[in-house]
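Chemist:
Numbering (UniProt numbering), first residue to last: 1 to 585.
(1) Could you give the C-beta distance for residue 443 and residue 437, rounded to a whole number, given that I count them as a contact under 8 Å?
(2) If you draw a straight line from the alpha carbon of residue 545 to that of residue 575, how long is it in whole angstroms?
(3) What three-state label does DSSP hand residue 414 in the structure shown?
(4) Does the Cβ of residue 163 have 16 or more other Cβ atoms within 10 Å, making it buried, or fewer, making it exposed?
(5) Tell me whether residue 222 sits in a helix, a strand or coil according to DSSP, three-state version.
(6) Check residue 1 in the structure and name its three-state DSSP category.
(7) DSSP has residue 430 in a bridge; who is on the other side?
(8) According to the Cβ coordinates, are residue 187 and residue 370 closer than 8 Å?
(9) With 16 other CB atoms within 10 Å as the buried threshold, where does residue 582 fall?
(10) Quick check: residue 428 and residue 407, are their CB atoms within less than 8 Å of each other?
(11) Could you give the distance in angstroms between the alpha-carbon of residue 50 and the alpha-carbon of residue 94?
(12) Are residue 110 and residue 74 close, meaning C-beta to C-beta below 8 Å?
(13) By a C-beta neighbour count over all protein chains shown, 10 Å radius and 16 as the cutoff for buried, is residue 321 buried or exposed?
(14) Would you be able to state if there are at least three C-beta pairs under 8 Å between the stretch 77 to 87 and the stretch 58 to 65?
(15) Just the C-alpha distance for residue 241 and residue 213, rounded to the nearest angstrom, thanks.
(16) Can the beta-carbon of residue 496 be found less than 8 Å from the beta-carbon of residue 514?
(17) Buried or exposed: which applies to residue 488, given that a residue is buried once 16 or more other Cβ atoms fall within 10 Å of its Cβ?
(18) Got a sec, what are the start and stop residues for the alpha helix (DSSP H) residue 76 sits in?
(19) Decide if residue 314 is buried, meaning its Cβ has at least 16 other Cβ atoms within 10 Å, or exposed.
(20) Which residues in the same chain as residue 18 place their Cβ atom closer than 7 Å to its Cβ, once the five residues preceding and following it in sequence are excluded?
(21) Could you name the residues that DSSP lists as bridge partners for residue 359?
(22) I believe residue 372 touches residue 388 by the beta-carbon criterion, under 8 Å. Please report the beta-carbon distance rounded to the nearest angstrom.
(23) Could you round the C-beta distance between residue 190 and residue 168 to whole angstroms and report it? I think they count as a contact, below 8 Å.
(24) My parser needs the beta strand (DSSP E) runs of 3 or more residues fully inside the stretch 204 to 285; what are they?
(25) Which same chain residues end up closer than 8 Å to residue 395 when comparing Cβ atoms and leaving out the 5 residues on each side of it in sequence?
(26) If I'm right that residue 113 touches residue 98 with Cβ under 8 Å, what's the distance once you round it to whole angstroms?
(27) Do the stretch 468 to 480 and the stretch 527 to 547 meet, that is, are 3 or more Cβ pairs less than 8 Å apart?
(28) In angstroms with no decimal places, state the Cα-to-Cα distance between residue 96 and residue 554.
(29) When we look at the beta-carbon of residue 280 and count the other beta-carbons within 10 Å, is it buried (16 or more) or exposed?
(30) Thinking just about the alpha-carbon of each residue, which of 257, 493 and 225 is nearest to the one in residue 567?
(31) Output the distance between the C-alpha atoms of residue 268 and residue 476, rounded to the nearest integer angstrom.
(32) Report the option in 129, 289 and 66 whose CA atom is closest to the CA atom of residue 354.
(33) Go ahead and pull the three-state DSSP assignment for residue 319.
(34) DSSP three-state call for residue 324: helix, strand or coil?
(35) For a test of the three-state rule: what should DSSP assign to residue 570, helix, strand or coil?
(36) DSSP three-state label for residue 371, please.
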């Protein structure tokens, strides 16, 4: 008797059999809860409906919705038919949606009512035949979808026919250097990713995960949707940005991943809250934070921790630091990750000072999510940790990081030439990142190969390193863009954080207008101080000689930023070409 191939379908069915009444997905406050049995029943009903619409093996189904429980059975239903569900960013324009629908060949779109107008504009000239609206009018409802089922539909044979090499999902790249490409992630890829994650974190069904990142990004699909299907843990969904902080406190996650800007906002919130303390409480908070930082810095730097500092830290943690972690919902963390963009070592040190070990992880859609991270308890600052089990890493002669193994994608959809450009004949994926490995196997990422600054003197510099130091010294800075290619010195464009400037605007009686804020003398002074502090951490040739605050806020998913807030450098340089030339005048 042959063994059943391991796919995300077999993994999910095994979880249902093992823990049918365990809560799989919930919203904060348990407004909605769904057990694994309920998830499985709903997925079966919807799969029958999708099959009636012609969805089958290899069919593409586009999803556009916020983080909500309904996403889970919808996605799972398509997967159990051998279909390929993929998510589109909720900030996508009709033109961007049209590209994804056309490139994928999607025949069905499942969405929320709020996204219907954009989808209707985008569908012309595509293969989309059906639109399912989960929460309003304008398309087929989920109830109508389930009712369309053929009574003779054989769900069991469908999911059992799915093979490990079948495509599980498409992750469209953020398009920093061109049109988004569809990364084909197979069942085998994700089974390997989930297995490596479980071993890394020694994870069990007791884990709690907060789903707040876009499901169009590999991070949310891997850490919430797929991990939950296989492990049997609980996911709490947060649909709105404003719900993140209360959702965090409600969920009390054991596993948490976020982009650097989210970690920076958490830091700003903590500092503001501690700043409200007065009298003895203010003095105690300042003392405890200082002790926590000295203790964690000594640990990170390998310095001796004397009995006095050890005793002080125990008191500081009991009286202040542990209470801060508990108030935020960060008191149960086993693994905390910063990913999707470079993060400053200063920000990581700051969180370590509060007893929160945030690890800088490296990954990309093409490796099914995460490729390397510091193992819990073996944190090494300045690195992205060790490669996950099963991922081979080597450094090419020019410094590019190459990886090979079961996590590497099947290829780019409809792009065999571009696939061949990044995956060589020996199976090595050329990541486009420059890095190195130390003697203990820890990986350090310098920057993207195509984004390195090479100045007029031939010096190679990482713009991300320069930019991260500026952001580390001011919560007002959302983005700093270092410019200096073929120039004698570096300059920077500064974009303000719309969420962080409210207090400044209120203090000075201003509207939160980026044009007014960018030219305010005190704002100039504050940003100048951050740039000066950053320059003190940089070599002379890396330092920023001049800067300018741009008179607009940069929005995720716009021409200037990807949905995960990575800068699109070429459009930024083009938009502000005159401003850059003024800085060099």
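Idealized CB from N, CA, C, for every residue including glycine. None of these values were measured; they are calculated from a predicted model.
Modeler: In short:
(1) 6 Å
(2) 21 Å
(3) coil
(4) exposed
(5) helix
(6) Because residue 1 carries a pLDDT of 32, less than 50, the predicted location of this residue cannot be relied on, and no value is offered for it.
(7) 402
(8) no
(9) exposed
(10) no
(11) 24 Å
(12) yes
(13) buried
(14) yes
(15) 9 Å
(16) yes
(17) exposed
(18) 71 to 80
(19) exposed
(20) 232
(21) 337
(22) 6 Å
(23) 5 Å
(24) 208 to 211, 234 to 237 and 255 to 258
(25) 401, 402, 435, 436 and 437
(26) In fact, because the Cβ distance is near 20 Å, the residues do not count as touching under 8 Å.
(27) yes
(28) 18 Å
(29) exposed
(30) 493
(31) 10 Å
(32) 289
(33) helix
(34) helix
(35) helix
(36) strand
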